[in-house]
Amino acid sequence: MPSELLETSAAAADRLDKALSVAFPEVSRARFQALIAEGAVSVEGETVTETRHKVKPGDRLRVFLPEAAPALPQAENIALTIVFEDKNLIVIDKPAGLVVHPGAGNETGTLVNALIAHCGDSLSGIGGVKRPGIVHRLDKGTSGLLVVAKNDRAHHGLSEQFAAHGRDGRLERSYLAIVWGVPERRAGTIAAAIDRSTANRQKMAVSKGANAREAVTHYELQEVLGKPPVASLLRCVLETGRTHQIRVHMSHIGHPLLGDSVYGSGFQTSAKKLSDDARQALNALNRQALHATSLGFEHPLTGKTMQFESPAPEEFGRLLSSLRLNNT
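Okay, so the sequence shown: first residue is 136 according to the working numbering, each after it adds one.
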């Protein structure tokens, strides 16, 4: 988006940032708050730097909206599986092994780097920077569906839905998980708050501490695997979306994911119960057996219900098939 001057008259008495977001819905309220603080907004010709400044009906408002700054991560030509794309958002079927966002140890080769290259000028800027708007993430070792915003307005609308955790019926996220053993109940809800582990800061853990965040996972048994049973295929539906939530919750109830070296290390000896084919398939998977198979949301601009499905990748399917045949 090139630098431009936005001008309007306040439609009603309101605080300045809200009046601007109503007049120009394509720019997020958070972006207007930053512009006000930077001195880029005037009311009746006077610069105002207080977001709570009260405007009156008919007040002349002017905003200097600078061109979005180049994204700090560099564009990289990385192949993507695109499920859906329009000028506001993009839905990706992420392969296992691809990190979503640059960070320590993963400065390049991420989904963000790939999206900057793919989207190019269609990124109008999130918070004034030409970057994709990440509203949720998948672990590096988790495959499946992910939605990303291209502009402020889409970012705001999607973030609002994820913040509501699907409780208003707009958002739905479900995963396929292969876990050790068979849960006692065929279906259930795990409601256990999650915080960073005090024993290992690289891990998350169920916690009753003051900083623990609410976490709710619903699961349903899809299939018992092996004779005698050694594992289960579950469908997990997220009501909240905390870091490593499904992995932590399934480990918490004694059924960690196959291949999860972080939360299922105590079950490594269980691999001895598998057939040779199943062990080979688990080694070939080389990650936690978790796939984001379904994603539904309300399009943040059109209001249309969007629903996407992703079949489990080949290596996940091979493990599943070998476990079905497992008979020790």
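Just so it is clear, CB atoms sit at the ideal spot from N, CA and C, and this is done for glycine as well.
Being a predicted model, the structure only gives us computed values, none of them experimental.
Cβ pair residue i, residue j closer than 8 Å
i	j	result
serine 163	aspartate 287	yes
histidine 390	glycine 316	yes
leucine 458	alanine 413	yes
valine 365	serine 309	no
leucine 233	leucine 250	no
arginine 348	arginine 377	yes
isoleucine 269	glycine 244	no
phenylalanine 432	valine 218	no
alanine 312	leucine 409	no
alanine 427	serine 278	yes
alanine 172	threonine 182	no
valine 190	leucine 151	yes
glycine 301	glutamate 307	yes
alanine 210	asparagine 248	yes
aspartate 228	leucine 170	no
proline 208	proline 237	yes
histidine 253	leucine 215	yes
Straight-line Cα distance separating residue j from residue i
i	j	result
alanine 481	isoleucine 381	The structure shown has nothing for residue 481, since the chain only spans 136 to 463.
valine 226	alanine 326	29 Å
aspartate 221	arginine 320	42 Å
asparagine 418	leucine 393	10 Å
arginine 453	leucine 273	22 Å
valine 397	arginine 422	10 Å
histidine 353	valine 235	25 Å
alanine 350	glycine 180	49 Å
valine 257	phenylalanine 402	Residue identity differs from the one stated: residue 257 is serine in this sequence, not valine. The alpha-carbon atoms of serine 257 and phenylalanine 402 are separated by roughly 47 Å.
proline 97	serine 177	In the structure displayed, the chain extends from 136 to 463; residue 97 sits before or after that span and is not available.
histidine 434	threonine 440	6 Å
glutamate 202	alanine 299	31 Å
aspartate 149	valine 264	28 Å
arginine 336	valine 359	34 Å
threonine 143	histidine 291	22 Å
alanine 329	leucine 455	Sequence inspection shows isoleucine at residue 329; the alanine mentioned does not correspond to that position. Distance between the alpha carbons of isoleucine 329 and leucine 455 is about 29 Å.
arginine 266	alanine 147	33 Å
serine 332	isoleucine 388	17 Å
leucine 200	phenylalanine 167	9 Å
threonine 186	threonine 375	31 Å
glutamine 415	threonine 404	15 Å
aspartate 411	alanine 165	55 Å
alanine 406	valine 282	35 Å
glycine 174	leucine 293	28 Å
glutamate 161	isoleucine 261	11 Å
alanine 334	glycine 438	45 Å
leucine 356	asparagine 346	31 Å
proline 363	histidine 379	29 Å
glycine 361	lysine 338	30 Å
glutamate 139	glycine 399	54 Å
glycine 276	histidine 188	47 Å
alanine 145	phenylalanine 159	11 Å
valine 475	phenylalanine 297	With the chain represented from 136 up to 463, any question about residue 475 goes unanswered, as that position is not in the structure.
threonine 324	serine 386	14 Å
Supposed contact pair residue j and residue i - C-beta distance, whole angstroms, cut 8 Å
i	j	result
proline 318	serine 367	7 Å
leucine 436	asparagine 223	5 Å
alanine 450	leucine 420	Residue identity differs from the one stated: residue 450 is glutamate in this sequence, not alanine. Sure, about 5 Å apart at Cβ, within 8 Å.
Would you list, in sequence order, the uninterrupted beta strand (DSSP E) runs of no fewer than 3 residues that lie entirely inside the segment 357-391?
366-373
Pairing CB atoms from the segment 141-160 with CB atoms from the segment 187-199, are three or more of them under 8 Å?
yes
Inside the segment 162-212 only - alpha helix (DSSP H) runs reaching at least 4 residues:
164-172
List in chain order: all unbroken beta strand (DSSP E) runs of 3+ residues lying wholly within the segment 398-462.
425-433, 440-444
Closer than 8 Å is the cut-off here; do at least three beta carbon pairs connect the segment 330-348 with the segment 277-295?
no
Segments assigned beta strand (DSSP E), at least 3 residues, entirely inside the segment 305-357:
307-315, 322-326, 329-331, 339-341
Write down every uninterrupted run of the beta strand (DSSP E) in the segment 223-276 whose length is 3 residues or greater and which is fully enclosed by it, in chain order.
224-229
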